[in-house]
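S.K.: My questions all concern the structure below.
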Amino acid sequence: MQTGSTLLSGKNLSKQFKGLLAVSKVDIEIRQGEIVGLIGPNGAGKSTTFNLLSGFLRPTSGRLEINGARMTNAKPERISKQGLVRTFQHGSYLPSMSVRDNVLIGCLGGKRVGRVSSGDQDRVISQAIELFGLAGYEREIARNLPHGLQRLVSMAMAFAAGPSLLCLDEPLTGLNQTEVAETLGVFRRLRAEHDMSILLVEHNMRAVMNICDRIYVLHHGEIICSGTPDEVKASETVLRAYLGEAHDL
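Counted from 1, the sequence shown has number 99 at position 99 by the UniProt record's numbering; the numbering is strictly sequential.
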């Protein structure tokens, strides 16, 4: 598929915690309209890298640009205003609030801060609820929903913030096969209908290989392979990194 300009560029990103080098000289690029995977065995450095890209950690060294602006030491709020919005492994929703109010809070963040009229809010909320299959659940309290729907609420909140790059941290965890297929369909719609890019950190290898245009593989804090799904599956380096783990590449 054709992709557009570079949305995110990380160059030589490293993070050291006291004496431990958790991530070393990571180069990563995401272009407009791409779905990109970030995978690796447990302890590979995926969460650290994800936190570096979204501003929740500051790199020890390296450079980060988002939509052409330098964001190396920027706080998460500034990064989200620049167009990168993320979810978290264990959900980003407010459990005591309704689905609609959760999405409303998302609509007040990111690039939309201070720029959204009440009419626009209603439009964005309706769009998010339809897109993520939450119609009929608007007044339900989030904590009362099944796990799969709670995941969708988190993603709907992130979408409502108006990102150009949506970063999803293990969004498929705990979903059954039907829910996984439906969620991948939502990702395709985000790209096709909203020209949105997605960075996907995920352990579901079949889903990653099915949905991603390109994949980065982390191992011991370093990128050991990057390329198309076919290129990654054919890499002996990747296969060796996954030996002993129950992953079907």
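Backbone N, C-alpha and C define an ideal beta-carbon position, used for all residues, glycine too.
1. In this structure, how does DSSP classify THR72 when only helix, strand and coil are distinguished?
2. Below 8 angstroms between beta carbons: does that hold for ALA158 and SER92?
3. To the nearest angstrom, how far is the alpha carbon of residue 253 from that of GLN121?
4. What are the start and end residues of each continuous beta strand (DSSP E) run of 3 or more residues lying completely inside the segment 136-224, in chain order?
5. Spell out whether any CB of chain B is found under 8 angstroms from the CB atom of GLU193.
6. Using a threshold of 8 angstroms, state whether the C-beta atoms of LEU7 and LEU53 are closer than that.
7. Mind the definition here: the segment 14-25 touches the segment 208-222 only if three or more C-beta pairs lie below 8 angstroms; say whether that holds.
8. Is GLY55 near ASN67, with beta carbons less than 8 angstroms apart?
9. Ignore the nearest five residues each way along the sequence and tell me which others in SER61's own chain have a CB closer than 7 angstroms to its CB.
10. Determine the burial state of LEU172: buried for a count of at least 16 other Cβ atoms within 10 Å of its Cβ, exposed for fewer.
11. Would the beta-carbon of ALA128 be found less than 7 angstroms away from any heavy atom of the ligand SAH?
12. Just to confirm the assignment, what range does the alpha helix (DSSP H) spanning ALA241 have?
13. Assuming GLY10 contacts ILE35 (C-beta within less than 8 angstroms), just tell me the rounded distance between them.
14. Go to ARG31, then tell me how far its alpha helix (DSSP H) extends in each direction, as first and last residue.
15. GLU34 by DSSP, collapsed to three states: which one?
16. Buried or exposed: which applies to PRO95, given that a residue is buried once 16 or more other Cβ atoms fall within 10 Å of its Cβ?
17. What are the start and end residues of the beta strand (DSSP E) that includes residue 253?
18. Can you name the residues that DSSP bridges to LYS15?
19. Confirm, please, whether the CB-CB distance from LYS46 to VAL201 is below 8 angstroms.
20. Kindly indicate the opening and closing residues of the beta strand (DSSP E) around LEU84.
21. Under 8 angstroms, do ARG151 and LEU175 count as touching if we go by C-beta distance?
22. With a threshold of 6 angstroms on Cβ separation, who are the neighbours of residue 257 within its own chain once the five nearest residues in sequence on each side are excluded?
M.R.: In terms of the structure at hand:
1. By one-based count along the sequence shown, residue 72 stands at place 72. Coil at THR72, not helix or strand.
2. Reading the sequence shown from its first residue, position 158 is the one you call residue 158. Reading the sequence shown from its first residue, position 92 is the one you call residue 92. Cβ distance < 8 angstroms, so ALA158 and SER92 count as in contact.
3. Since the first residue of the chain shown is 1 and the last is 249, residue 253 is not available in this structure.
4. Within the segment 136-224, the complete beta strand (DSSP E) segments of 3 residues or longer fall at 165-169, 197-201 and 214-219, listed in chain order.
5. Checking the listed chains, one finds no chain B in this structure; it contains a single protein chain.
6. Indexing the sequence shown from 1 puts residue 7 at position 7. Indexing the sequence shown from 1 puts residue 53 at position 53. It is not a contact, given that the beta carbons lie outside the stated cut-off.
7. Yes, the segment 14-25 is in contact with the segment 208-222.
8. The residue labelled residue 55 in the question sits at position 55 within the sequence shown. The residue labelled residue 67 in the question sits at position 67 within the sequence shown. With respect to the 8 angstroms criterion, GLY55 and ASN67 are not classified as neighbours on the basis of their beta carbons.
9. By 1-based counting over the sequence shown, the position of residue 61 is 61. Excluding its 5 nearest sequence neighbours in each direction, SER61 has C-beta neighbours in its own chain below 7 angstroms: ASN12 and SER14, listed in chain order.
10. On the sequence shown, position 172 is the one that residue 172 refers to. Under a 10 Å Cβ-count criterion, LEU172 is classified as buried, with 16 or more other Cβ atoms of the shown protein chains found around its own Cβ.
11. Absence of the ligand SAH from the depicted structure is noted, as is the absence of any ligand whatsoever, leaving it without description.
12. Within the sequence shown, the letter at position 241 stands for residue 241. Its alpha helix (DSSP H) spans residues 236-241.
13. Within the sequence shown, the letter at position 10 stands for residue 10. Within the sequence shown, the letter at position 35 stands for residue 35. With a Cβ gap of about 17 angstroms, GLY10 and ILE35 do not count as contacting.
14. Here residue 31 refers to the residue found at position 31 of the sequence shown. For ARG31, no alpha helix (DSSP H) run applies; the uninterrupted beta strand (DSSP E) run containing it begins and ends at 20-31, by DSSP.
15. Sequence index remark: in the sequence shown, residue 34 carries index 34 (1-based). Of the three classes helix, strand and coil, the one that applies to GLU34 here is coil, per DSSP.
16. To locate residue 95, count along the sequence shown from 1; it is residue 95. With fewer than 16 other beta carbons inside 10 angstroms of its own, PRO95 counts as exposed.
17. The requested residue 253 does not occur in the structure, where the chain is confined to residues 1 to 249.
18. Working through the sequence shown from its first residue, we reach residue 15 at position 15. Bridge partners of LYS15: VAL23.
19. Mapped onto the sequence shown, residue 201 falls at position 201. Mapped onto the sequence shown, residue 46 falls at position 46. Yes; because the gap between Cβ atoms is below 8 angstroms, this pair is in contact.
20. To locate residue 84, count along the sequence shown from 1; it is residue 84. 84-86 is the span of the beta strand (DSSP E), which, as asked, contains LEU84.
21. On the sequence shown, position 151 is the one that residue 151 refers to. On the sequence shown, position 175 is the one that residue 175 refers to. Against a cut-off of 8 angstroms, the Cβ pair of LEU175 and ARG151 comes out as a contact.
22. Outside the shown range of the chain (1 to 249) lies residue 257, about which nothing can therefore be said.
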